[in-house]
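S.K.:
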Amino acid sequence: MNEMEIYSIYKDYFANSMLPYIKCKNCDYSFYYPRNRCPQCGSDKIEIKKSSGTGEIYSYTVFNNSIWAIVSFPEGFRLYMNIDSAGEPDVGKKIKIKFIDGRPYGSC
Amino acid sequence: MIKGFAEAVYKKYDGTAYDLMNEALEKALNMAGIQRSDIQGFITTFLPGIFDGNIFLHFFPDQLCGYLGINPKYIDSLDYGGPSVLAGLYRAEKLIKYEGLDNILLLFGGKGSLVRQTRETVDSYENLYDGVTNTPYKQLLSGYSYKNPLSDYALVAQRHKKIYGTADEDRARLMVKQRKNGNDSGYSMFTGDISVDDVLSSPVISSPLHLLEIVYPVDGFHAFIVSKSPGKLRPVKIKKYGEAHWSKLPPELEEIMITPASESSRNFRDEIKHCDAYELYDSFSITVILQLEDTGIIKKGEFGKFIEKTDISSSGDMPLNTGGGSINRGQPAYMSGSVLLYESLLQLNGMAKNQVRDINSVFINGIGGWSRNHSVSMILGD
């Protein structure tokens, strides 16, 4: 899998309201930000998998009336995203993923 | 050893970055008592947007040498953000010791006001230009509302608050004490007494960080001339040194509250505890706290107690950011490393208005780059 293929598969996942991540079959490391080799062990034995889409807020900040956060997922990776302000954000609070314009957002 | 050092810092400078850089250089040459033709090495850094708004300059260090009229035998540009100048000092000492060069010029700065006016931050500057990408992951990052480095440090401060109970008041107390140092230093850009309430009632820019705990980018350059002899100055050199580079996006760090300062300071923790003054990078209040923890000065979670009982003034039990830090001096071109080094040299040479008595060593820690990926720790002394 090269980098462009990864982005193209990610796009398909997003279009189907699924959150993808990459798992290294050699060392088990999970990551979200695309590379064609595992940043932990260098292996190219990587696969794209589907996350449960339920994570928790690792940290957040309210800026310009929007909430910017790092969210942890149980599959062992984290990513940046905006989360909606329906509920009060807090470190450790559960969020669910939703998709707007082909982009993942969190909802708490 | 440092033979000459100077700054040219303005809130908003009406001339070009090139004029400004020449002003700092001329002052440093005067102090060192040397000519431009004596400069044998040149080290600088380029940060997009800060050279008269340029996102890019072709062969940047070479362009500067040509403009300044210097002909060094060694030219380099370091790309570690805030601590670049500190890493430059280390490399300059090596060039003198092992390559036999003399008079290495470290020239760092630019015009922060130009980026400021765009209402973007230095890391979000890419949003102004099509075809400019700051990171390989831009596709998955753009479109969101972040403004690094501000949002990045806000995330750290928020988590620190939750996990270690570091209250807004604790961070505010540090800002009050640093302002007092700034007032006493006689060269602070932001002056006047402030209270904990003043900090807490200033606008929350990116929660939990308030306006008065965020550095203000200004226009300015610093020039340092590193030489075989100290000239008229004290023979100050690097006594202990470490640098660390953690090239990771914060979501991929094991823990965002731990910085590479924990690695760059690892080999001389005991010596750090016995320094006479401390100059710690202060892009935000939380930045200082992280370095106090990661260099072993305090334990994680003890900052509240520490800042309540510690006198950080130049006559106090632990002189810290004695010039007021860059929070009060202003941050030339989004990089504070030079502000720390300049204040350290004032103190070590007995040139400070709020002089630390009997000072023989200063611990400096710089942190910066994309997120918090680079750290330089050093003890300066003679």
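Protein chains in written order, with UniProt numbering: chain U, 1 to 108; chain L, 1 to 382. C-beta: ideal position from N, C-alpha, C; glycine also. Note that the coordinates shown come from a computational prediction; the quantities given were computed from them, not determined experimentally.
Going by C-alpha distance, which of L:322, L:144, L:156, L:326 is nearest residue 215 (chain L)?
M.R.: Selected option, being the one with the closest Cα: L:326.
S.K.: So that I know if they touch, is there some Cβ in chain L lying closer than 8 Å to that of residue 19 (chain U)?
M.R.: It does not: the Cβ of residue 19 (chain U) has no partner Cβ on chain L nearer than 8 Å.
S.K.: Mind checking whether residue 107 (chain L) and residue 6 (chain L) have CB atoms under 8 Å apart?
M.R.: Not in contact: residue 107 (chain L) and residue 6 (chain L) (Cβ atoms no closer than 8 Å).
S.K.: Rounding to the nearest angstrom, what Cα-Cα distance links residue 99 (chain L) and residue 39 (chain L) in this structure?
M.R.: Roughly 14 Å separates the two Cα atoms.
S.K.: Alpha carbon to alpha carbon, how far is residue 53 (chain U) from residue 77 (chain L)? Give it in angstroms, no decimals.
M.R.: The straight-line gap from Cα to Cα measures roughly 43 Å.
S.K.: For the segment 73-97 of chain U, list every residue whose C-beta sits within 8 Å of some C-beta in chain L, in sequence order.
M.R.: Listed by position, the residues of the segment 73-97 of chain U near chain L (Cβ gap below 8 Å) are 77, 78, 79, 80, 81, 82, 90, 91, 92.
S.K.: Roughly how many whole angstroms lie between the Cα atoms of residue 386 (chain L) and residue 245 (chain L)?
M.R.: Residue 386 (chain L) cannot be examined here, being either before or after the span of chain L that is shown, 1 to 382.
S.K.: In the DSSP assignment, find the beta strand (DSSP E) that holds residue 365 (chain L) and state where it starts and stops.
M.R.: Per DSSP, residue 365 (chain L) belongs to the beta strand (DSSP E) from 361-368.
S.K.: With a CB to CB cut of under 8 Å and the five nearest residues on each side skipped, what residues in its chain are close to residue 102 (chain U)?
M.R.: Once the five neighbours on either side are set aside, the close Cβ partners of residue 102 (chain U) are 11, 14, 15.
S.K.: Are the beta-carbon atoms belonging to residue 48 (chain U) and residue 70 (chain U) less than 8 Å from one another?
M.R.: No.
S.K.: Give me the chain U residues within the contact set of residue 256 (chain L), using Cβ-Cβ distance strictly less than 8 Å, ordered along the chain.
M.R.: Ordered by position in chain U, the residues that pass the 8 Å Cβ test against residue 256 (chain L) are 58, 59, 70.
S.K.: Taking 7 Å as the cut-off, is the CB of residue 218 (chain L) close to at least one heavy atom of the ligand COA?
M.R.: This structure simply doesn't include the ligand COA, nor any ligand for that matter.
S.K.: Between which residues of its own chain and residue 80 (chain L) is the CB-CB distance below 6 Å, once the five residues before and five after are set aside?
M.R.: Only 87, 369, 374 meet the Cβ criterion.
S.K.: Can you list, in chain order, the residues of its chain with a C-beta nearer than 7 Å to that of residue 251 (chain L)? Leave out the 5 residues immediately preceding and following it.
M.R.: Nothing listed; no residue qualifies.
S.K.: What does DSSP give as the partner residue(s) for residue 378 (chain L) in the beta ladder?
M.R.: Paired residue(s): L:241, L:364.
S.K.: Would you say residue 143 (chain L) lies against chain C (beta-carbon separation less than 8 Å)?
M.R.: Note that chain C does not occur in the displayed structure, where the protein chains are U and L.
S.K.: One question on the structure: do residue 332 (chain L) and residue 152 (chain L) come within less than 8 Å of each other, judged by their Cβ atoms?
M.R.: No, the pair does not count as a contact, with Cβ atoms beyond the cut-off.
S.K.: Name the residues in the segment 124-144 of chain L whose C-beta lies less than 7 Å from a C-beta of chain U; which are they?
M.R.: Here the close residues are 137, 139, 140, 141, 143, 144.
S.K.: Any idea if residue 160 (chain L) is buried or exposed, counting beta-carbon neighbours within 10 angstroms, 16 or more meaning buried?
M.R.: Answer is buried; the Cβ neighbour count reaches 16.
S.K.: For a cutoff of 8 Å on Cβ pairs, would you count residue 433 (chain L) as touching chain U?
M.R.: Because residue 433 (chain L) is not part of the residues shown, which for chain L are 1 to 382, the question remains open.
S.K.: If we ignore side chains and look at the alpha-carbon of each, how far apart do residue 129 (chain L) and residue 75 (chain L) end up?
M.R.: Taking the straight line joining both Cα atoms gives about 29 Å.
S.K.: Along the beta strand (DSSP E) that carries residue 105 (chain L), what are the first and last residues, could you check?
M.R.: Counting along the chain, the beta strand (DSSP E) containing residue 105 (chain L) begins and ends at 104-111.
S.K.: So, for residue 34 (chain U): in the same chain, excluding its five sequence neighbours on each side, which residues have a beta-carbon less than 8 Å away from its beta-carbon?
M.R.: 3, 6, 7, 10, 22, listed in sequence order.
S.K.: Where residue 263 (chain L) and residue 273 (chain L) are concerned, what is the direct C-alpha to C-alpha distance, given to the nearest angstrom?
M.R.: Each residue's alpha carbon lies about 16 Å from the other.
S.K.: I need the straight-line Cα distance from residue 319 (chain L) to residue 85 (chain L), nearest angstrom please.
M.R.: Each residue's alpha carbon lies about 22 Å from the other.
S.K.: Give the secondary structure of residue 44 (chain L) by DSSP, where H, G and I count as helix, E and B as strand, and everything else as coil.
M.R.: In the structure shown, residue 44 (chain L) sits in a strand (DSSP, three-state: E or B).
S.K.: For the beta strand (DSSP E) that contains residue 383 (chain L), what are its first and last residues?
M.R.: Nothing can be reported for residue 383 (chain L), as the shown portion of chain L is limited to 1 through 382.
S.K.: Who does residue 275 (chain L) pair with in a DSSP beta bridge?
M.R.: None; residue 275 (chain L) has no bridge partner.
S.K.: How should residue 33 (chain L) be labelled, buried or exposed, when 16 other C-beta atoms within 10 angstroms of its C-beta is the threshold for buried?
M.R.: Its Cβ having fewer than 16 others within 10 Å, residue 33 (chain L) is exposed.
S.K.: From what residue to what residue does the alpha helix (DSSP H) around residue 325 (chain L) run?
M.R.: From DSSP, the alpha helix (DSSP H) with residue 325 (chain L) extends over 325-329.
S.K.: For the beta strand (DSSP E) containing residue 46 (chain U), name the first residue and the last one.
M.R.: First-last of the beta strand (DSSP E) with residue 46 (chain U): 46-50.
S.K.: Is the Cβ-Cβ distance between residue 329 (chain L) and residue 132 (chain L) less than 8 Å?
M.R.: Cβ atoms of residue 329 (chain L) and residue 132 (chain L): not closer than 8 Å.
S.K.: Who are the neighbours of residue 211 (chain L) on chain U, taking C-beta pairs under 7 Å?
M.R.: Residues of chain U passing the Cβ test: none, with the nearest at roughly 13 Å.
S.K.: Could you check what DSSP says for residue 91 (chain U) in three-state terms: helix, strand or coil?
M.R.: The answer is coil: DSSP assigns residue 91 (chain U) none of H, G, I, E or B.
S.K.: Pick from L:239, L:243, L:185, L:171: whose alpha carbon is nearest that of residue 211 (chain L)?
M.R.: Selected option, being the one with the closest Cα: L:171.
S.K.: Measuring only between beta-carbons, confirm whether residue 51 (chain U) sits less than 8 Å from chain L.
M.R.: So no, residue 51 (chain U) is outside the interface.
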